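Undergrad: Chains H and Z, in that order, are what the protein sequence lines are. As numbered in our numbering, the first sequence has no gaps in its residue numbers, which increase by one up to the final residue, 486. As numbered in our numbering, the second sequence has no gaps in its residue numbers, which increase by one up to the final residue, 486. C-beta atoms are modelled at their ideal positions from N, C-alpha and C, and glycine is treated no differently. Since the model is a prediction, treat every value here as computed from it, not as a measurement. Take a look at the following structure, please.
Number of protein chains: 2
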Amino acid sequence: MATLKQVAAHAEVSVQTVSNALNAPHRLRPDTLQRVTRSIELLNYRPNRNARSLRTSAVELIGYCVPSWPHGQVHLVMDQFLHALCTSAESSGRHILLFTAPVGVEGMPVYEDLHARRLVDGFVLSQTETHDPRHAWLKEQQIPFVSFGRVWEESTQPGPWVDVDGAGGCATAVQHLYETGRRRIGFLSWPRTSGLAENRLSGWQARCVELGLPSHDELAVRCRVDTIDEGARATAELLDADPAIDAIVAISDILALGALRELGRRGLVAGVDVAVTGFDDSPLASVVSPALTSIRQPMDEIAGELIDILTAPDPKGPTERLLQPELVVRGSSAPG
Amino acid sequence: MATLKQVAAHAEVSVQTVSNALNAPHRLRPDTLQRVTRSIELLNYRPNRNARSLRTSAVELIGYCVPSWPHGQVHLVMDQFLHALCTSAESSGRHILLFTAPVGVEGMPVYEDLHARRLVDGFVLSQTETHDPRHAWLKEQQIPFVSFGRVWEESTQPGPWVDVDGAGGCATAVQHLYETGRRRIGFLSWPRTSGLAENRLSGWQARCVELGLPSHDELAVRCRVDTIDEGARATAELLDADPAIDAIVAISDILALGALRELGRRGLVAGVDVAVTGFDDSPLASVVSPALTSIRQPMDEIAGELIDILTAPDPKGPTERLLQPELVVRGSSAPG
DNA sequence: CAGGTGGATTTGAACGTTAAAACGGGTGGC
DNA sequence: GCCACCCGTTTTAACGTTCAAATCCACCTG
Chain H
151 MATLKQVAAH AEVSVQTVSN ALNAPHRLRP DTLQRVTRSI ELLNYRPNRN
201 ARSLRTSAVE LIGYCVPSWP HGQVHLVMDQ FLHALCTSAE SSGRHILLFT
251 APVGVEGMPV YEDLHARRLV DGFVLSQTET HDPRHAWLKE QQIPFVSFGR
301 VWEESTQPGP WVDVDGAGGC ATAVQHLYET GRRRIGFLSW PRTSGLAENR
351 LSGWQARCVE LGLPSHDELA VRCRVDTIDE GARATAELLD ADPAIDAIVA
401 ISDILALGAL RELGRRGLVA GVDVAVTGFD DSPLASVVSP ALTSIRQPMD
451 EIAGELIDIL TAPDPKGPTE RLLQPELVVR GSSAPG
Chain Z
151 MATLKQVAAH AEVSVQTVSN ALNAPHRLRP DTLQRVTRSI ELLNYRPNRN
201 ARSLRTSAVE LIGYCVPSWP HGQVHLVMDQ FLHALCTSAE SSGRHILLFT
251 APVGVEGMPV YEDLHARRLV DGFVLSQTET HDPRHAWLKE QQIPFVSFGR
301 VWEESTQPGP WVDVDGAGGC ATAVQHLYET GRRRIGFLSW PRTSGLAENR
351 LSGWQARCVE LGLPSHDELA VRCRVDTIDE GARATAELLD ADPAIDAIVA
401 ISDILALGAL RELGRRGLVA GVDVAVTGFD DSPLASVVSP ALTSIRQPMD
451 EIAGELIDIL TAPDPKGPTE RLLQPELVVR GSSAPG
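What follows is the structure, given as C-alpha cells:
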C-alpha cells in the first residue's frame with residue numbers, strides 16, 4: 151500500500167508537496183501538481199485515514215445509536231432514514247458509525263466513551279423521547295450532536311435539532327379530507343405522554359376547529375402501543391362511540407393498517423365509507439389495498455439538514471429546522 | 151483530554167508501562183499495575199483509537215453497505231439484523247461503519263476505497279444475490295469479508311459465509327402443518343432466478359414428498375415482487391386452481407400477509423379453513439390477527455458467527471456455517 | 001562472590017500524516 | 001542596489017500509540 155513518502159519519491163518532490171497536492175492543490179505550480187497527480191494515480195495512492203485523523207484530530211465519523219424496539223413494534227422507515235443519513239454523510243466525506251447503548255441517561259457513558267476515544271466526532275440522535283435526557287447531557291459535556299426530533303420540553307431545547315412539522319402534516323390531512331367531502335374526522339393517537347403525539351393531535355384539532363368540524367375528546371382515541379391490533383381496537387372504539395365518523399387520521403401507518411382491518415371486518419369499504427390516512431409513508435402504505443394515504447417525512451432533506459448542522463464549522467446559521475411533510479394521496483382517502 | 155504521556159507522568163512510570171497496563175497487564179508488578187490503574191481512572195484516560203490504529207494498522211471497524219430497496223419493498227428485519235450485528239461487533243471491541251454503494255460489481259470501487267484508506271478492516275455482506283459478483287471480487291483483492299447468504303453458484307462459493315437453512319425451515323413448516331392435520335399445502339415463492347427462493351421451495355417439496363403430500367408445480371406460485379398485493383394475487387391464483395388447499399407456506403411474511411388478506415376477502419378464516427406460515431418472524435407477524443406462524447432466523451447467532459469468522463485471526467476453523475431457523479407457531483396455523 | 005537468569009521497566013524508533021516555520025529565488029519599489 | 005514581499009517548495013516537529021530492543025535490578029547458583 152503506497153504512502154505519501156513513496157509518492158513523493160516517485161514524483162521527486164517532498165512529502166509535504168504531495169500532501170498539499172491533495173489538500174491545497176492551489177498552492178502548487180500547475181506542472182508540479184500534474185506530475186504529483188500522475189504519481190498518485192500511478193501508485194494508486196490512498197491517504198491513510200488514521201494517520202490523517204491522528205494529526206488533525208478529526209475522524210469524520212458520526213455516531214448513530216441503532217435503536218432497539220420494544221417487542222412487536224416496527225420502525226418501518228428506519229432503512230430509509232439510515233440510507234439517507236449515509237448518503238448525506240458521504241457527500242461531505244464522512245461516514246456513519248453504528249453503536250448500541252442503553253436508552254436514556256444510562257447510555258450516556260457509551261456516548262462519552264466513543265467520543266473520548268476519538269471513534270466519532272459527534273452524534274446524530276433519533277428516537278428522541280419526551281424529556282430526552284441525552285441532549286442536555288451531551289451539551290453539558292460539549293460533545294457535538296444534532297437531534298432528529300424535538301425534546302418537547304417547556305423550556306428551550308438544548309442543542310440543535312431538525313424535525314418535521316407533525317401538526318402541519320396532520321392539518322394538511324384534515325384539509326384534504328375536508329375537501330373530499332369528509333365532515334366527521336377521528337384521530338388515532340399515542341399516549342398523552344408523547345410530545346410527538348400531542349403535537350400531531352394539535353394539528354388535527356386546530357384544523358378541525360378552523361373548518362368548523364367537530365374535534366371533541368371522544369374523536370381522539372389513544373392507543374397504548376403502535377401495533378396493528380391496537381389500531382384496530384381503537385378504530386372499533388371510535389366507530390362504536392360515533393357511527394357517523396367518515397374519516398380517520400392515524401398517527402402512524404401501523405395504526406392506520408389496524409383501522410383498515412377493522413373497517414374491513416365491519417364490512418365498511420376504506421376510502422369509500424370511511425377515509426383513512428397514516429403517517430410516515432412507509433413501504434407498506436403503497437402495497438396494501440386500498441393503498442394508504444400517508445404523510446411522508448422528507449428523509450433526504452432531514453438527513454441533509456442533520457449532517458449540515460452537525461458538520462457546520464461554527465453554529466452561525468440557524469440550528470433549529472422544522473421541515474414540512476408531504477401528503478401522499480392514495481386510495482384509502484380518494485377512491486377511483 | 152488525557153494522553154498516555156500524562157498518565158505516565160502522574161503515575162511516575164514510563165509511557166510504555168501505561169500502555170502495557172492496558173494491553174498486557176500481566177507484565178506489570180501488581181503494585182505498579184494498581185498505581186497506573188489509579189492514575190488512569192483519576193485522569194479519566196481513554197486511549198486514542200486513531201493513534202492505536204495507525205501503529206497497529208487495524209481499525210476495528212467493519213463495513214456494512216446499507217441496502218437500498220426497490221420501491222414498495224420492505225426489509226422488516228433489517229433493524230433486528232443491524233442491532234444484532236452491532237452487538238456482536240461491540241462484544242469484540244469493534245464497530246460497524248455504514249456506507250452506500252451501487253449494487254453489483256459497479257460498487258466495488260467503493261469497497262476497495264474504504265479498505266485502502268483504512269476506514270475498515272473488512273466487510274460484512276448481506277442481501278447476497280444469486281451469482282453475486284462481490285464475493286469473488288473481494289477475494290481476488292484479498293479484502294477480508296464474510297457473507298450473510300450464499301451465492302448459489304454451481305461451483306464452490308468464494309469466501310466464508312453464514313446462512314440459514316431455508317429448505318430445512320420450510321420442511322419444518324410443512325411437517326408442522328402435516329401434524330396439525332393439513333394435507334394439501336401450497337407454496338408462495340419468488341421468481342425462479344432467486345437461489346434463495348429455489349432453496350426454500352426445495353425444502354417444501356422434499357418434505358411433501360416424504361409425507362406423501364402433493365407437491366406438483368401448480369401448488370407452487372411465484373410472485374414477481376415481495377409485496378402484500380402480490381401475495382394476495384398469488385393466493386387467489388392458488389385457491390382458484392385448487393379450492394381444496396388447506397395450508398399455504400409463504401416464502402416471506404409479506405407474502406403471507408397477502409395470503410391472509412385474500413383469505414379474509416373470500417370469507418375464509420386463516421388458521422381454521424386455511425393455515426398460513428410466513429418467513430422471518432418480522433415484528434408484523436405477531437401483531438396481525440390472526441398472528442402469523444413464521445420461520446425465525448436466529449439473528450443473534452447469525453451476527454455472532456459473522457463477526458467470529460471475520461475477526462478470527464486465521465481461517466483455521468470452518469468458514470461456512472449453516473444455521474437452523476426456528477418455527478414460531480401462532481394463530482394462523484394453530485387456532486385456539 | 002562472580003556470573004548467570006529472568007522478570008519488570010525504560011528507551012528509541014516507527015506508524016503516515018499535516019501544521020507551521022523556514023527557505024530560496026524572483027519581482028517590484030524606492 | 002538594497003530591502004520587502006510573494007510564491008512554491010522543503011524542513012522540522014509534532015499527533016498518541018505500540019513494537020522491539022535495551023537496561024535495570026533482584027535473586028539464585030556453584
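Measure the Cβ-Cβ separation of L248 of chain H and C320 of chain Z and say whether it is below 9 Å.
TA: no
Undergrad: So, for V216 of chain H: in the same chain, excluding its five sequence neighbours on each side, which residues have a beta-carbon less than 8 Å away from its beta-carbon?
TA: Correct list, in chain order: L248, F249 and T250.
Undergrad: Is there a C-beta anywhere in chain Z that falls below 9 Å from the one on A384 of chain H?
TA: no
Undergrad: When you compare the CB of W219 of chain H with every CB in chain Z, is at least one pair closer than 9 Å?
TA: yes
Undergrad: What did DSSP end up calling L472 of chain H once you bin it into helix, strand or coil?
TA: strand
Undergrad: Anyone know if the C-beta pair for L413 of chain H and D403 of chain H falls short of 9 Å?
TA: no
Undergrad: Using DSSP bridges, identify the partner residues of S297 of chain H.
TA: H:L275 and H:W311
Undergrad: Measure from the C-beta of G414 of chain H to each C-beta in chain Z and report whether the shortest distance is under 9 Å.
TA: yes
Undergrad: Residues of chain Z with CB under 8 Å from S439 of chain H, in chain order?
TA: Using a Cβ-Cβ cut-off of 8 Å, S439 of chain H is close to I378, D379, A382 and R411 of chain Z, given in chain order.
Undergrad: Let me make sure I understand the geometry here. Which of H:E290, H:V260, H:H326 and H:G309 has the alpha-carbon closest to that of S297 of chain H?
TA: Nearest option by C-alpha distance: H:G309.
Undergrad: For a cutoff of 9 Å on Cβ pairs, would you count P341 of chain H as touching chain Z?
TA: Output row for P341 of chain H: interface = no.
Undergrad: Counting contacts by CB-CB distance shorter than 9 Å, is S203 of chain Z in contact with chain H?
TA: yes
Undergrad: Closest Cβ-Cβ distance between Q223 of chain Z and chain H: below 9 Å?
TA: Nearest CB-CB separation between Q223 of chain Z and chain H: below the 9 Å threshold.
Undergrad: My output table needs one value for H366 of chain H: the three-state DSSP class, helix, strand or coil.
TA: The answer is coil: DSSP assigns H366 of chain H none of H, G, I, E or B.
Undergrad: Anything in chain H within Cβ reach of E240 of chain Z, meaning under 8 Å, just list it in chain order.
TA: F249 and T250
Undergrad: Run through chain H and tell me which residues come within less than 9 Å of D263 of chain Z, C-beta to C-beta.
TA: R196
Undergrad: Mind checking the segment 422-453 of chain H against chain Z and listing, in chain order, the residues whose C-beta falls within less than 7 Å of any C-beta there?
TA: P433, L434, S436, V437, V438 and S439
Undergrad: In angstroms, rounded to a whole number, what distance separates the CA positions of G318 of chain H and D430 of chain H?
TA: 14 Å
Undergrad: Tell me the DSSP bridge mates of C215 of chain Z?
TA: Z:F249
Undergrad: Can you find a C-beta in chain H that's less than 9 Å from the C-beta of V216 of chain Z?
TA: yes
Undergrad: Just by C-beta distance, which residues in the segment 261-293 of chain Z are closer than 7 Å to chain H?
TA: D263, A266, R267, R268 and L269
Undergrad: If we require 3 or more residues per run, which beta strand (DSSP E) segments fall completely within the segment 402-441 of chain H?
TA: 425-429
Undergrad: Is the segment 365-383 of chain Z in contact with the segment 339-356 of chain Z, if contact means three or more CB pairs nearer than 8 Å?
TA: yes
Undergrad: Please list, in chain order, all residues of the same chain as H245 of chain H whose beta carbon is under 8 Å from its beta carbon, the five residues on each side excluded.
TA: E210, L211, I212, C236 and A239
Undergrad: List the DSSP bridge partners of G336 of chain H.
TA: The secondary-structure analysis by DSSP pairs G336 of chain H across a beta bridge with H:I398.
Undergrad: On the DSSP letters alone, give me the boundaries of the beta strand (DSSP E) that S241 of chain H sits inside.
TA: First-last for S241 of chain H: M228 to S241, but that is the alpha helix (DSSP H), not the beta strand (DSSP E).
Undergrad: Would R411 of chain Z and G454 of chain Z qualify as a contact pair, given that the criterion is a beta-carbon distance under 9 Å?
TA: Judged by beta-carbon spacing, G454 of chain Z lies beyond the 9 Å limit of R411 of chain Z, meaning their Cβ atoms are not closer than that value.
Undergrad: Please list, in chain order, all residues of the same chain as G421 of chain H whose beta carbon is under 8 Å from its beta carbon, the five residues on each side excluded.
TA: Only P440, G481, S482, S483, A484 and P485 meet the Cβ criterion.
Undergrad: I need the boundaries of the alpha helix (DSSP H) containing R446 of chain Z, first residue and last residue.
TA: Run containing R446 of chain Z: none in the alpha helix (DSSP H); it sits in the beta strand (DSSP E), T443 to R446.
Undergrad: Take T427 of chain Z as the anchor and find which of Z:L363, Z:I335, Z:N173 and Z:P393 has the nearest alpha-carbon.
TA: Out of Z:L363, Z:I335, Z:N173 and Z:P393, Z:I335 has the C-alpha closest to the C-alpha of T427 of chain Z.
Undergrad: Buried or exposed: which applies to P468 of chain Z, given that a residue is buried once 16 or more other Cβ atoms fall within 10 Å of its Cβ?
TA: Classification of P468 of chain Z: exposed, given that the 10 Å Cβ count is below 16.
Undergrad: By a C-beta neighbour count over all protein chains shown, 10 Å radius and 16 as the cutoff for buried, is R415 of chain Z buried or exposed?
TA: exposed
Undergrad: So with CB distances below 7 Å, who are the chain Z contacts of L226 of chain H?
TA: What L226 of chain H touches in chain Z, judged by beta-carbon distance under 7 Å, is V224, going in chain order.
Undergrad: Assuming L473 of chain H contacts D229 of chain H (C-beta within less than 8 Å), just tell me the rounded distance between them.
TA: In fact, because the Cβ distance is near 20 Å, the residues do not count as touching under 8 Å.
Undergrad: Of the residues that make up the segment 314-331 of chain Z, which ones have a beta carbon closer than 7 Å to any beta carbon in chain H?
TA: Result list empty, no residue passes.
Undergrad: Tell me whether the beta-carbon of A406 of chain H lies closer than 9 Å to the beta-carbon of R332 of chain H.
TA: no
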